[in-house]
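In UniProt numbering, the protein residues as written are 1 to 172.
Please read the structure below before turning to the comments.
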Amino acid sequence: MILYLKQDALVRKYIEDNFDALVTKYQPKMVKMLQTSSQADAEAALAEIKAGADFAETTTKYGNGNYTGAEQLVYNTSTDVNSAVLTAINSYTAAGLMDAVVVNDEGTLYNVIEITSVDATAFKDTFIDTFASDDTMNSTALAYYVRKGNFTVYDEDVYNALSDSNPEYLDQ
1 MILYLKQDAL VRKYIEDNFD ALVTKYQPKM VKMLQTSSQA DAEAALAEIK
51 AGADFAETTT KYGNGNYTGA EQLVYNTSTD VNSAVLTAIN SYTAAGLMDA
101 VVVNDEGTLY NVIEITSVDA TAFKDTFIDT FASDDTMNST ALAYYVRKGN
151 FTVYDEDVYN ALSDSNPEYL DQ
């Protein structure tokens, strides 16, 4: 347990120390999404939200249950968001409600999307929490610290094991 906590703290430190570079690379945004299988429902929901209706309540009324209307972090490599929706989100550089309904790749789901924040410093804790639990980020951070510490493996068996499981740790 202690080892896990130390590793988590190290990964969080890496993210914090490299925050600006990671934000530039991943272009994170906080968004609210509503998804429905009916274009008419999506258009009606968009109209209600534009008229001032609460996003979460409108999501409950029209949504298919995939999203709650609560804010969530989305970044340019998010795998839990349809690629057409992700492309639309990535095209926005300012906060605001998207003017049109966004259709998924298959043309079967319709999305109403509001970008609530593009300022990563405003949701820095959420960004760090999300990326600290990401396997790729963990591997990247730990490889960084291994290289920074000039970690050298002299034992051939250990070297071969690391070479198979974590080659990014080895600069030799």
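Every residue gets a Cβ at the ideal spot worked out from N, C-alpha and C, and that includes glycine.
No experiment lies behind these values; they were computed from the predicted model shown.
To which residues does DSSP link E29 through a beta bridge? Taking the first residue of the sequence shown as position 1, residue 29 is located at position 29. It is worth fixing the name first, because residue 29 is Lys in this sequence and not Glu. Looking at the DSSP assignment, K29 forms a beta bridge with V74.
In whole angstroms, what is the alpha-carbon distance linking Q27 and E48? Residue numbering aside, residue 27 sits at position 27 when the sequence shown is read from its first letter. Residue numbering aside, residue 48 sits at position 48 when the sequence shown is read from its first letter. Whole-angstrom Cα-Cα distance: 29 Å.
Between the CA atoms of D164 and residue 174 - distance to the nearest angstrom: It is not possible to answer for residue 174, since the shown part of the chain is limited to 1 through 172.
For Y67 versus L34, is the C-beta spacing smaller than 8 Å? Your numbering for residue 67 matches position 67 in the sequence shown. Your numbering for residue 34 matches position 34 in the sequence shown. Yes, the pair counts as a contact, with Cβ atoms nearer than the cut-off.
Got a sec, what are the start and stop residues for the alpha helix (DSSP H) S83 sits in? The residue you call residue 83 lines up with position 83 of the sequence shown. In the DSSP annotation of this structure, the continuous segment of the alpha helix (DSSP H) that includes S83 starts and ends at S83 to N90.
Buried versus exposed, by CB contacts within 10 Å (16 or more), A21: To locate residue 21, count along the sequence shown from 1; it is residue 21. Under the 10 Å beta carbon count, A21 is surrounded by fewer than 16 other beta carbons and is classified as exposed.
Please report the straight-line C-alpha distance between V85 and V102, rounded to a whole angstrom. Indexing the sequence shown from 1 puts residue 85 at position 85. Indexing the sequence shown from 1 puts residue 102 at position 102. Taking the straight line from one Cα to the other gives about 6 Å.
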